[in-house]
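Colleague: Have a look at this one.
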Ligand SMILES: C[S@@+](CC[C@H](N)C(=O)[O-])C[C@H]1O[C@@H](n2cnc3c(N)ncnc32)[C@H](O)[C@@H]1O
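In my numbering, the protein residues as written are 6 to 577.
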């Protein structure tokens with residue numbers, strides 16, 4: 006088996022948690038040494054990444070996490086990983102090597118009866134406050150296991166991380182992980198099993214995991230719990246995932262890891278914290294003002310899926326819990342258009358996007374327009390059919406409720422017909438992907454006005470259906486700014502300052518003022534003319550980012566009602 010060979014070749018040194026420590030600081034973003042990190046990131050990514058065989062170790066050692074704060078106002082203090090997770094230090098930490106996290110002194114980990122450990126605000130927080138930067142205790146890059154025969158199986162990312170955990174397993178790591186969910190001896194539902202997986206490949210994946218654990222020499226019960234720990238706590242990291250050139254330039258940095266402090270964030274369908282990554286370094290930033298004492302939650306699902314009906318959100322979560330967030334509680338057990346009757350989901354995955362990319366731009370624009378009306382091209386795969394979802398009350402799509410009060414949120418079909426006929430459902434997240442393809446094709450055709458309209462629709466979707474200051478807003482604002490500058494080099498006719506909107510959205514979403522650096526590649530790869538790009542760069546450098554409430558930012562976009570796409574659409 007190939008999995009077995011890799012397990013032998015890549016045996017790692019055990020993790021010593023006595024070496025893991027970080028800084029607690031008053032202002033995490035100000036304390037970080039961004040200049041050093043940015044220089045290191047540029048060096049790591051300057052040759053084309055796909056030409057390098059990157060390993061997680063190489064990425065982690067290339068990207069420094071350093072704290073300037075001890076020299077700023079002296080408010081930063083060193084914390085062992087045990088103290089940071091509110092546990093007593095078993096052996097005395099050494100504070101050797103470099104820190105693995107910077108955490109804000111305005112947050113604390115606490116226990117709650119309903120959801121176990123969670124992070125809470127100790128003081129009122131504004132939107133755009135960086136709470137935590139952390140690198141994983143154990144992680145693996147997708148590129149390190151993508152050649153395994155079982156790579157396409159469901160849960161292969163968990164299997165790969167489990168193998169990695171087995172390779173660097175140690176007594177102190179076991180002790181650290183003993184504090185993670187689920188508690189030892191607690192029952193959890195089984196691992197995902199994708200019925201479509203080829204049985205031979207699934208067996209190969211299991212064998213690779215078991216072989217790795219054999220070398221760690223632990224009991225079957227301990228192995229099974231650690232597999233649950235991986236499945237229920239791991240977080241993916243994706244560098245610049247909101248950027249449209251991400252797939253080619255930064256995909257080699259994508260991976261999956263176990264984060265000691267961040268594993269304490271519970272999920273909410275109305276999250277107050279969002280995250281982004283540079284390599285394995287993952288930053289957690291508030292997206293709205295938070296009162297002292299309130300819980301700080303992230304979303305375990307894509308932000309574009311948060312506007313989907315409750316039944317689809319919980320299906321997408323696919324975890325060991327029924328979501329107890331306040332929004333799910335308020336929604337009760339409702340059925341909805343998207344979960345009524347038989348549903349065929351239009352999936353706009355990388356294969357569909359690759360097929361669209363082969364079309365000349367004019368045809369691509371037409372194909373996307375048809376897809377947005379529920380028509381897949383003959384060349385496309387049949388939509389995926391799923392069984393109806395039962396809500397908690399056991400009713401299958403018997404009642405109609407719209408998911409949102411936003412204009413146009415209801416699809417063109419009524420609940421009555423959706424319940425009896427096979428319905429094609431286009432989720433908002435897939436419609437957003439389609440519009441990105443459409444806008445890029447329009448830019449290729451130099452139809453700047455058409456492209457600007459589509460970027461505005463995507464921004465309108467993000468503003469109306471996603472959590473505030475969602476990262477995607479930055480890239481839509483930036484593309485809108487480039488189109489606008491092509492149309493009217495001395496400022497758009499509508500008087501909307503898209504450059505300023507992009508810089509402000511970035512400051513709030515990322516918690517740091519490094520827009521020009523982070524978007525350098527995105528601007529360079531745009532279809533806009535060199536003069537427009539230069540003008541954009543100059544204008545962006547001059548901006549002093551504002552920190553206004555989200556409603557004021559949305560007001561500045563001047564969206565018309567018919568520009569706001571629906572949260573999802575059903576077509577018969
Ligand atoms: C990554 S851990 C989060 C921290 C966890 N509460 C702990 O005690 O370590 C994920 C687990 O927390 C619980 N959890 C997280 N979000 C929840 C939610 N919205 N509703 C109910 N349980 C939740 C679930 O048991 C889930 O598997």
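Where is the CB? At the ideal position from N, CA and C, for every residue including glycine.
Could you tell me whether any non-hydrogen atom of ligand 1 is closer than 6 Å to the CB of residue 237?
Modeller: Because some heavy atom of ligand 1 lies under 6 Å away, the Cβ of residue 237 counts as near it: yes.
Colleague: Between residue 329 and ligand 1, is the CB less than 6 Å from at least one heavy atom?
Modeller: Yes.
Colleague: For ligand 1, I want to know if residue 337 counts as a neighbour, meaning its beta carbon is within less than 6 Å of at least one of the ligand's heavy atoms.
Modeller: The answer is no for residue 337.
Colleague: Give a yes or no on contact between the segment 562-571 and the segment 455-463, applying the rule of three or more CB pairs nearer than 8 Å.
Modeller: Touching, yes.
Colleague: With a threshold of 7 Å on Cβ separation, who are the neighbours of residue 544 within its own chain once the five nearest residues in sequence on each side are excluded?
Modeller: Only 504 meet the Cβ criterion.
Colleague: With distances taken Cα to Cα, identify the nearest neighbour of residue 529 among 67, 248, 478.
Modeller: Taking only the C-alpha atoms, the option nearest residue 529 is 248.
Colleague: Are residue 19 and residue 70 touching if we call contact CB-CB under 7 Å?
Modeller: Contact: no.
Colleague: Starting from the C-beta of residue 244, find all residues in its chain whose C-beta is less than 8 Å away, skip the five residues before and the five after it, and write them out in chain order.
Modeller: Here the set comprises 251, 255, 258, 259, 282, 283, 284.
Colleague: Determine the burial state of residue 149: buried for a count of at least 16 other Cβ atoms within 10 Å of its Cβ, exposed for fewer.
Modeller: The residue in question, residue 149, is buried, as its Cβ has 16 or more Cβ neighbours within 10 Å.
Colleague: Between which two residues does the beta strand (DSSP E) containing residue 139 stretch?
Modeller: 135-139 is the span of the beta strand (DSSP E), which, as asked, contains residue 139.
Colleague: Please determine whether the Cβ atom of residue 261 lies at a distance below 6 Å from any heavy atom of ligand 1.
Modeller: Incorrect: residue 261 has no Cβ contact closer than 6 Å to ligand 1.
Colleague: If you follow the beta strand (DSSP E) that residue 240 is in, where does it begin and where does it stop?
Modeller: Residue 240 -> beta strand (DSSP E) spans 240-242.
Colleague: When DSSP builds the beta bridges, which residues end up paired with residue 305?
Modeller: DSSP, once it has assigned bridges, lists no residue as partnering residue 305.
Colleague: Is the beta carbon of residue 39 less than 7 Å from the beta carbon of residue 270?
Modeller: No, the Cβ-Cβ distance between residue 39 and residue 270 is not below 7 Å.
Colleague: Quick one: grab the DSSP three-state call for residue 22.
Modeller: Of the three classes helix, strand and coil, the one that applies to residue 22 here is helix, per DSSP.
Colleague: Tell me whether residue 268, by its Cβ, gets closer than 6 Å to a heavy atom of ligand 1.
Modeller: Answer for residue 268: yes, Cβ within range of ligand 1.
Colleague: Identify every run of the alpha helix (DSSP H) within the segment 195-260, keeping only runs that are complete inside it and at least 4 residues long; order them along the chain.
Modeller: Within the segment 195-260, the complete alpha helix (DSSP H) runs of at least 4 residues are 204-221, 225-238, 251-254.
Colleague: By the DSSP assignment, the alpha helix (DSSP H) with residue 483 in it spans what residues?
Modeller: Per DSSP, residue 483 belongs to the alpha helix (DSSP H) from 476-492.
Colleague: How big is the Cα-Cα spacing for residue 276 and residue 305?
Modeller: So the alpha carbons of these two residues sit roughly 9 Å apart.
Colleague: Please tell me whether, using a cut-off of 6 Å, the distance from the CB of residue 152 to the nearest non-hydrogen atom of ligand 1 is below it.
Modeller: Every heavy atom of ligand 1 is 6 Å or more from the Cβ of residue 152, so no.
Colleague: Find the nearest neighbour of residue 479 within the set 445, 527, 436, judged by alpha-carbon distance.
Modeller: Comparing Cα-Cα distances from residue 479 to each of 445, 527, 436, the minimum goes to 527.
Colleague: Would you mind reading off the limits of the alpha helix (DSSP H) that contains residue 168?
Modeller: Here the alpha helix (DSSP H) through residue 168 covers 161-172.
Colleague: How should residue 48 be labelled, buried or exposed, when 16 other C-beta atoms within 10 angstroms of its C-beta is the threshold for buried?
Modeller: Looking at its Cβ environment, which holds fewer than 16 other Cβ atoms inside 10 Å, residue 48 is exposed.
Colleague: Does DSSP put residue 280 in a helix, a strand or coil?
Modeller: It is a strand residue.
Colleague: Using C-beta distances below 8 Å, list every residue in its chain close to residue 379, excluding the 5 sequence neighbours before and after it, in chain order.
Modeller: Same-chain partners within the cutoff: 351, 429, 431, 574, 576.
Colleague: For residue 315 versus residue 333, is the C-beta spacing smaller than 7 Å?
Modeller: Cβ distance < 7 Å, so residue 315 and residue 333 count as in contact.
Colleague: Check the DSSP bridge columns for residue 122 and list the partner residues they point to.
Modeller: Note: residue 122 sits in a beta bridge opposite 116.
Colleague: When DSSP labels each residue in this structure, what does residue 37 get in the three-state scheme?
Modeller: Strand.
Colleague: Throw me the rounded Cβ distance for the residue 184 and residue 92 pair, which I believe falls under 8 Å.
Modeller: Contact flag correct, Cβ pair sits at about 6 Å.
Colleague: For my contact list, residue 561 and residue 501 are in at a C-beta cut-off of 8 Å; report their separation, rounded to the angstrom.
Modeller: With 8 Å as the limit, residue 561 and residue 501 qualify as a contact, their Cβ atoms being about 7 Å apart.
Colleague: How do the segment 117-137 and the segment 285-298 stand: do at least 3 beta-carbon pairs fall below 8 Å, yes or no?
Modeller: With the cut-off at 8 Å, the segment 117-137 and the segment 285-298 touch.
Colleague: Considering just the uninterrupted stretch of the alpha helix (DSSP H) at residue 348, what are its terminal residues?
Modeller: Taken as a continuous stretch (DSSP letters only), residue 348 belongs to no alpha helix (DSSP H), being part of the beta strand (DSSP E) at 348-350.
Colleague: For ligand 1, I want to know if residue 324 counts as a neighbour, meaning its beta carbon is within less than 6 Å of at least one of the ligand's heavy atoms.
Modeller: Checking every heavy atom of ligand 1 against the Cβ of residue 324, one is found closer than 6 Å.
Colleague: Once DSSP output is grouped into helix, strand and coil, what is the label at residue 574?
Modeller: Of the three classes helix, strand and coil, the one that applies to residue 574 here is strand, per DSSP.
Colleague: Which partner residues of residue 287 appear in the DSSP bridge assignment?
Modeller: DSSP lists 139, 282 as partners of residue 287.
Colleague: Whose C-beta lies closer than 7 Å to the C-beta of residue 62 among residues of the same chain, with five residues either side of it excluded?
Modeller: Counting only Cβ-Cβ distances below 7 Å, and skipping sequence neighbours, we find nothing.
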